[in-house]
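Asks: A single structure is presented below for examination.
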Amino acid sequence: MEFAPSEAHTLIRDSAKRVAREVIAPRAAEVDRTAQYPEDYFQALRQADLLGITLPREVGGADAGTLAMGVAIEEVAKVDCSAGLMVMLGALSTHTIKFFGTPDQVERFVGPVARGEKKAAFCLTEPDAGSDVAGLQARAERDGDEWVITAQKQYISGGPVADQVIVFAKTEPGNPRSLAAFVVDTTSPGFEVTSVDRKMGVRGLPTGVLTFDRVRVPHDQMVGGEAGGMKMALATLNSLRPCVGARGVGLAMGATEYALNYARERRAFGGTLTDLQAIQFKLANMAIEIEAAKLLVYQGCWLVDEGKYGPSDGHMLSVAKAFATEMANRVASEAIQILGGQGYMEDHPLERHYRDARQLMIVEGTSEIQRTIIAKALIDRNLSYA
Ligand SMILES: Cc1cc2nc3c(=O)[nH]c(=O)nc-3n(C[C@H](O)[C@H](O)[C@H](O)COP(=O)(O)OP(=O)(O)OC[C@H]3O[C@@H](n4cnc5c(N)ncnc54)[C@H](O)[C@@H]3O)c2cc1C
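Residue numbers for the sequence shown follow this note's numbering, beginning at 2 and rising by one.
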């Protein structure tokens with residue numbers, strides 16, 4: 002067992018730390034306030050080769066693995082959780098193609114995203130089906146050499162600014178086994194960004210409702226055949242669950258560092274807050290939580306890199322996602338508490354971290370869904386302590 006970071010991981014961390022410090026940190030509060038898409042983040046991450054960390058080298062990605070992406074996400078999420086999502090969005094929107102697409106599809110649809118030439122999004126959730134993926138209503142009908150897609154997708158991260166999306170739709174109404182995946186160019190007739198959400202947090206990455214009104218897609222933009230969409234969607238989500246956890250770890254580290262620095266300076270009862278045992282124990286508990294979550298997240302990233310993100314292995318990815326994201330909420334809350342009244346004010350980044358952390362327990366499978374996966378693994382003995 003090896004715990005020391007590799008040279009490649011250290012280089013990626015340094016690179017992400019530099020972008021976080023020079024570009025993201027100075028703008029994070031403004032981006033949160035205005036909810037304007039931060040193109041400058043995107044371009045800086047692109048120049049640092051941080052947009053295609055898990056994507057194949059042959060098409061312009063770094064092919065550095067999920068652990069490398071987790072490390073990069075952690076660094077940028079220390080200052081802005083939206084930037085953590087930006088780093089992983091290229092993977093979320095193309096892993097289905099990377100895992101199940103043809104070499105031609107990888108070149109045409111993964112390459113431009115890996116190189117930061119196109120922005121992309123992952124379209125699964127609908128108004129009437131979120132956790133219940135089998136209940137999706139989106140339709141894909143064959144018409145000669147084309148498919149005609151009719152769908153409404155909601156809460157799609159990066160959807161309002163995407164050039165390309167991957168969308169899941171059923172080829173037979175009511176049959177979950179007929180779920181298929183299609184790459185759609187957002188300039189296609191019938192595609193529309195119907196609305197952009199007004200969100201509690203993660204405002205640097207817009208989400209919205211996307212409507213597909215009889216959008217025509219060539220057959221060669223169907224990924225992985227007419228069935229198997231469920232398996233493809235879940236593999237894609239599983240492969241990135243530890244990275245959602247990494248957003249939580251980074252956020253919690255950033256919040257803790259800020260609270261610690263404040264506590265060192267804030268005078269109370271003839272000393273500083275760091276002299277008070279109640280505050281010391283809060284900080285210690287925050288560190289314990291962060292370190293535990295970090296190990297779970299790194300292990301999860303490693304499992305993905307070992308190819309263990311299928312249905313029988315996914316429970317440890319769920320453990321990492323659930324623990325790290327819930328930990329981020331606890332730590333962000335305690336960080337506010339350390340600042341007292343100041344923690345509640347927009348003059349400090351902690352109330353933003355607190356709002357951003359809340360998103361993490363909902364996306365890519367809610368905390369409840371992670372627990373259904375973990376419980377099933379225990380009961381089926383994929384996870385055993387015997
Ligand atoms: C900011 C944001 C960004 C997002 N980005 C994307 C994106 O890029 N692409 C995309 O496709 N989707 C995206 N989503 C959607 C997200 O994945 C869903 O919101 C999530 O999966 C939950 O689905 P739902 O909102 O329909 O809630 P529901 O499925 O209606 O769940 C409601 C509640 O019931 C619980 N619940 C549901 N089923 C069960 C069960 N079987 N057992 C126990 N509890 C259950 C849930 O945990 C939750 O607490 C995003 C959401 C948000 C908020």
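Beta carbons: idealized from backbone N, C-alpha and C, even for Gly.
If we require 4 or more residues per run, which alpha helix (DSSP H) segments fall completely within the segment 266–312?
Replies: Counting only runs of 4 or more, we get 278–306.
Asks: Could you check whether the Cβ of L361 sits closer than 7 Å to any heavy atom belonging to ligand 1?
Replies: No, the Cβ of L361 stays beyond 7 Å of every heavy atom of ligand 1.
Asks: Can you give me the C-alpha to C-alpha distance between I289 and V245, rounded to a whole angstrom?
Replies: The straight-line gap from Cα to Cα measures roughly 19 Å.
Asks: Reducing DSSP to helix, strand and coil, say where R14 ends up.
Replies: R14: helix per DSSP, three-state reduction.
Asks: What does a CB cutoff of less than 8 Å around T257 pick up in its chain, not counting 5 residues either side in sequence?
Replies: Closer than 8 Å at the Cβ level, and outside the excluded window around T257, lie L284, M287, A288, I291, V332, A336.
Asks: If you count every other CB in all the chains shown that lies within 10 Å of the CB of Q48, and 16 or more means buried, which is it?
Replies: Burial call: exposed.
Asks: Cβ of M231 within 8 Å of Cβ of T97?
Replies: Contact flag unset, no.
Asks: Any chance the CB of L469 is under 7 Å from a heavy atom of ligand 1?
Replies: Since the first and last residues shown for the chain are 2 and 387, residue 469 lies out of range.
Asks: Name the two residues that bound the continuous alpha helix (DSSP H) containing F324.
Replies: Segment 316–340, the alpha helix (DSSP H) holding F324.
Asks: Can you tell which of S368, E365, L180, Q281 has its C-alpha closest to the C-alpha of Q338?
Replies: Measuring from the Cα of Q338, the nearest candidate turns out to be Q281.
Asks: Decide if G136 is buried, meaning its Cβ has at least 16 other Cβ atoms within 10 Å, or exposed.
Replies: Flag for G136 reads exposed.
Asks: Taking only the alpha-carbon atoms, compute the straight-line gap between L204 and T275 and give it to the nearest angstrom.
Replies: Note on identity: in this sequence residue 204 is Arg, with Leu being the wrong assignment. Rounded to the nearest angstrom, the two C-alpha atoms are 33 Å apart.
Asks: Assign S196 to one of three DSSP states: helix, strand, or coil.
Replies: S196 falls in the strand class under three-state DSSP.
Asks: So what's M362 in DSSP terms, helix, strand or just coil?
Replies: Here M362 sits in coil by DSSP.
Asks: Return the bridge partner residues of R140 from the DSSP annotation.
Replies: DSSP, once it has assigned bridges, lists T151, K171 as partnering R140.
Asks: Answer yes or no: the CB of E327 versus the heavy atoms of ligand 3, is any distance below 7 Å?
Replies: Inclusion of ligand 3 in the displayed structure is not the case, the ligand content consisting of ligand 1 alone.
Asks: Does the distance from the CB of I150 to the CB of V216 come in under 8 Å?
Replies: Yes, Cβ-Cβ distance for I150 and V216 is below 8 Å.
Asks: Under 8 Å, do L304 and F324 count as touching if we go by C-beta distance?
Replies: The answer is no: Cβ separation not under 8 Å.
Asks: Under 8 Å, with one C-beta from each stretch per pair, do the segment 102–119 and the segment 56–68 reach the 3-pair mark?
Replies: The answer is yes - the segment 56–68 touches the segment 102–119, with three or more Cβ pairs under 8 Å.
Asks: Do T195 and L211 have their C-beta atoms closer together than 8 Å?
Replies: Against a cut-off of 8 Å, the Cβ pair of L211 and T195 comes out as a contact.
Asks: What does a CB cutoff of less than 8 Å around E227 pick up in its chain, not counting 5 residues either side in sequence?
Replies: Within the same chain, E227 has close Cβ partners T172, S179, A181.
Asks: In this structure, what does DSSP give as the bridge partners for C124?
Replies: For C124, which the question treats as bridged, DSSP gives the partners V168.
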